[in-house]
Amino acid sequence: IGEGSAKISLKIEGGRLVEGWQRTNMFFSTTDLAKSMLSEFTDLVNAVSLNPFFEITPFGVHIDIEATADPRVVLIEDVSLSRNMVPPGGSFDVEITLRPYRQEPVVHKMTLNAPGDAQGICEVVVRGGGIEEPDQGSILMGWRTIRSLDELLKEFSAMETNDEVVAEVRSFGPLREDPSSLEAEEESQRKLLSQIKEEKIREGSFKSYRSNYYVDGLLRRMIRVVPE
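Sequential numbering from 5 applies to the sequence shown in this note's numbering.
Structure below.
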């Protein structure tokens, strides 16, 4: 397969995976579509089948692919904010202009909340899923490890998909100067990506929705968070 777009649905089941685990993602390539989509598929299947916790037997894999030569791509073209200053926890609207490939642009609106502990200048980032996605910092920095297959699958489920439009507020947080905050800081460093994502969704500083396109692009805007 050369250029084109594809949606791939993967389901893994067997053994103790009573309900199985599944993931659907969108891919696009101008040169080798098969390589792009099968790379993730292979990595996920190998990670689950070779997991260090227990053997999954029998091991079943179901895959469904919808492919087209058409470029099912949408570009994040512009972003505007309804406010340039908010209090901690305050809400504001984000207007996102999206342009499907060689078509007229469409506008989508989201409402975000500034983090409750934010202060000063924060970034508002609108991006395609998987673009500049946060990594598993707690694991990479040696704060913790994955301890079970359930944890492993939960982290896989938290991974963004290429058809997502993501809007988030990135706060540098308050300065932690007193020793009593060190325990809280260490605890935050131990959190897995799924935990961090869940907290951001609850506070409203992270929102996303899935489209029918491969979403390309990243735009940043600035907002000032000032206590009332």
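Note that beta-carbon positions come from the ideal geometry of N, C-alpha and C, so glycine has one too.
Check, Outcome
"Reducing DSSP to helix, strand and coil, say where methionine 226 ends up.", "strand"
"Grouping DSSP H, G and I as helix and E and B as strand, with all else coil, what is threonine 34?", "coil"
"Report the option in Met226, Ala10, Gln26 and Gly6 whose CA atom is closest to the CA atom of valine 130.", "Met226"
"Give a yes or no on whether the C-beta atoms belonging to asparagine 88 and arginine 174 are separated by under 9 Å.", "no"
"For the stretch 135-171, list the alpha helix (DSSP H) runs that are entirely contained and at least 4 residues long, ordered along the chain.", "141-144 and 153-162"
"Is proline 231 near proline 119, with beta carbons less than 9 Å apart?", "no"
"Measure the Cβ-Cβ separation of glycine 8 and alanine 51 and say whether it is below 9 Å.", "no"
"Per DSSP, what kind of secondary structure is serine 84 in: helix, strand or coil?", "strand"
"With DSSP run on the structure shown, which of helix, strand or coil describes arginine 239?", "There is simply no residue 239 to check, as the chain begins at 5 and stops at 232 in what is shown."
"Among the residues of its own chain, which have a CB less than 7 Å from the CB of alanine 10, if the five just before and after it don't count?", "Phe31, Leu37, Met41, Ile69, Glu70 and Ala71"
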